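All residue numbers for the sequence shown refer to this note's numbering, where the first residue is 32 and numbers rise by one.
Heads up: the structure comes next, in structure tokens.
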Amino acid sequence: MGIDIYVLDFLLRSRRRPLGNTLWLGRQGFHIHPDQAPVAQRILDRHAPGTPLNLLTGTTGYGEALFSWLGATSITAMDNSAYEGSTLLHDLNCPVPDRLRGVFDCIFDGGTIEHVFNVPMALSNVHAMLRPGGVFLSVNAANNQLGHGFYQFSPELMWRVFSRDAGYEIESMCLMDLIGYPTPMDLVDPVMLGRRDEIGPTAGPTYLMVAARKIRHVALLPVQQSDYTRAWVASGQATAN
Numbered sequence: 032m033g034i035d036i037y038v039l040d041f042l043l044r045s046r047r048r049p050l051g052n053t054l055w056l057g058r059q060g061f062h063i064h065p066d067q068a069p070v071a072q073r074i075l076d077r078h079a080p081g082t083p084l085n086l087l088t089g090t091t092g093y094g095e096a097l098f099s100w101l102g103a104t105s106i107t108a109m110d111n112s113a114y115e116g117s118t119l120l121h122d123l124n125c126p127v128p129d130r131l132r133g134v135f136d137c138i139f140d141g142g143t144i145e146h147v148f149n150v151p152m153a154l155s156n157v158h159a160m161l162r163p164g165g166v167f168l169s170v171n172a173a174n175n176q177l178g179h180g181f182y183q184f185s186p187e188l189m190w191r192v193f194s195r196d197a198g199y200e201i202e203s204m205c206l207m208d209l210i211g212y213p214t215p216m217d218l219v220d221p222v223m224l225g226r227r228d229e230i231g232p233t234a235g236p237t238y239l240m241v242a243a244r245k246i247r248h249v250a251l252l253p254v255q256q257s258d259y260t261r262a263w264v265a266s267g268q269a270t271a272n
């Protein structure tokens, strides 16, 4: 995916502190075309008044200029291939080497993990590479993009993987329909709702956008869907683990 007007809006809304040492999962293209410039400038005027769009566009067709403006002190792109100019080659289906553990202040996934077969391993790699205090910024398909990647993701997955028990604070999670001006729909953890949160149909292609801050490093364990966990506890019956 990379950076379109919807991702730009998300990145600007997610600003809390400079990004620092940043890892991209895939080299992130800058996909805001000239006909979208007025909308992009409107987004900037809302979140960063006085910032001209041309300051963020760069000349490479990728997002380095934007991320430098967001406070990235270094930007490394990881991919399974160097075909788009990534300099750190690694297959996210496999564990990352020890030298990459706890290294990055920000990891940005602008639509890569949905293309990785072994999603649990990919998310475990994110957890391993992100240092405490760092932020994981994720934009992946949620709905109406069938066939784009291997998967479309449910908010429940991200709530459970990046939970407080796992050492995270969710700073924001929303759905974004890719229609018109960016209008995010903020989400609530089903644990807080006390029930499954079934979203139902969406107006068009929809992103799931997550900003998860790593507070401390703990072992990342397999997760269970929260409404089933609640039902198992209420039943008083034994579980497999």
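Cβ coordinates follow ideal geometry from the N, Cα and C atoms, glycine included.
Given the structure is predicted, the values throughout are model-derived calculations rather than measurements.
For this session: Determine the extent of the beta strand (DSSP E) in which Phe135 is found, giving its start and end residues.
Result: Walking along the sequence shown from the start, residue 135 turns up at place 104. Here the beta strand (DSSP E) through Phe135 covers Phe135 to Asp140.
For this session: List the residues that DSSP assigns as beta-bridge partners of Gly81.
Result: Position 50 of the sequence shown, counting from 1, holds the residue named residue 81. For Gly81, no pairing in a beta bridge is given by DSSP.
Exercise. How about Thr143 and Ala103: do their beta carbons lie closer than 9 Å?
Worked result: Along the sequence shown, one-based indexing puts residue 143 at 112. Along the sequence shown, one-based indexing puts residue 103 at 72. Taking a C-beta distance under 9 Å as the contact criterion, Thr143 and Ala103 do not qualify as a contact pair.
Exercise. Contact between the region 247-255 and the region 172-185: three or more CB pairs below 8 Å?
Worked result: The region 247-255 vs the region 172-185: no contact.
Exercise. Taking Cβ positions, are Phe167 and Val241 nearer each other than 9 Å?
Worked result: Residue numbering aside, residue 167 sits at position 136 when the sequence shown is read from its first letter. Residue numbering aside, residue 241 sits at position 210 when the sequence shown is read from its first letter. Yes, the pair counts as a contact, with Cβ atoms nearer than the cut-off.
Exercise. Alpha carbon to alpha carbon, what distance is there between Arg195 and Met204?
Worked result: Residue mapping note: residue 204 aligns to position 173 of the sequence shown, counting from 1. Residue mapping note: residue 195 aligns to position 164 of the sequence shown, counting from 1. Spanning the two alpha carbons is a distance of roughly 14 Å.
For this session: Could you pull out every unbroken beta strand (DSSP E) segment of at least 3 residues lying fully inside the region 197-226, listed in chain order?
Result: If one requires a minimum length of 3 residues, the beta strand (DSSP E) runs lying completely within the region 197-226 are 199-208, in chain order.
Exercise. Alpha carbon to alpha carbon, what distance is there between Asp110 and Gly60?
Worked result: Translated into the one-based positions of the sequence shown, residue 60 becomes position 29. Translated into the one-based positions of the sequence shown, residue 110 becomes position 79. Rounded to the nearest angstrom, the two C-alpha atoms are 13 Å apart.
For this session: Return helix, strand or coil for Phe61, following the three-state DSSP convention.
Result: Residue mapping note: residue 61 aligns to position 30 of the sequence shown, counting from 1. Strand.
Problem set entry | Three-way DSSP call (helix, strand, coil) for Leu39 in this model | Looking up residue 39 in the sequence shown gives position 8. Looking at Leu39 - three-state DSSP - the assignment turns out to be helix.
For this session: Would you identify the three-state DSSP class for Ala269, choosing helix, strand or coil?
Result: Your numbering for residue 269 matches position 238 in the sequence shown. In the three-state reduction of the DSSP assignment, Ala269 falls in the coil class, being assigned neither a helical nor a strand state.
Exercise. Where does Ala71 sit, in a helix, a strand or coil, going by DSSP?
Worked result: Stepping through the sequence shown from its first residue, residue 71 is reached at position 40. In this structure, DSSP gives Ala71 a helical state, which the three-state scheme calls helix.
Problem set entry | Backbone secondary structure at Val157 - three-state DSSP | Translated into the one-based positions of the sequence shown, residue 157 becomes position 126. The answer is helix: DSSP assigns Val157 an H, G or I state.
For this session: Assign Val219 to buried or exposed, taking buried as 16 or more other Cβ atoms, counted over all protein chains shown, within 10 Å of its Cβ.
Result: Stepping through the sequence shown from its first residue, residue 219 is reached at position 188. It counts as exposed.
Exercise. Just the Cα atoms here: how many angstroms apart are Arg244 and Val38?
Worked result: The sequence position of residue 244 within the sequence shown is 213, counting from 1. The sequence position of residue 38 within the sequence shown is 7, counting from 1. Going by C-alpha positions, Arg244 is about 18 Å away from Val38.
Exercise. Using CA coordinates, which residue listed in Thr90, Asn156, Glu115 and Pro163 is at the minimum distance from Cys125?
Worked result: Here residue 125 corresponds to residue number 94 of the sequence shown, with the count starting at 1. Ranking the options by Cα distance to Cys125, first place goes to Asn156.
Exercise. Ile36: buried (16+ other C-beta within 10 angstroms of its C-beta) or exposed?
Worked result: Working through the sequence shown from its first residue, we reach residue 36 at position 5. Classification of Ile36: buried, given that the 10 Å Cβ count is 16 or more.
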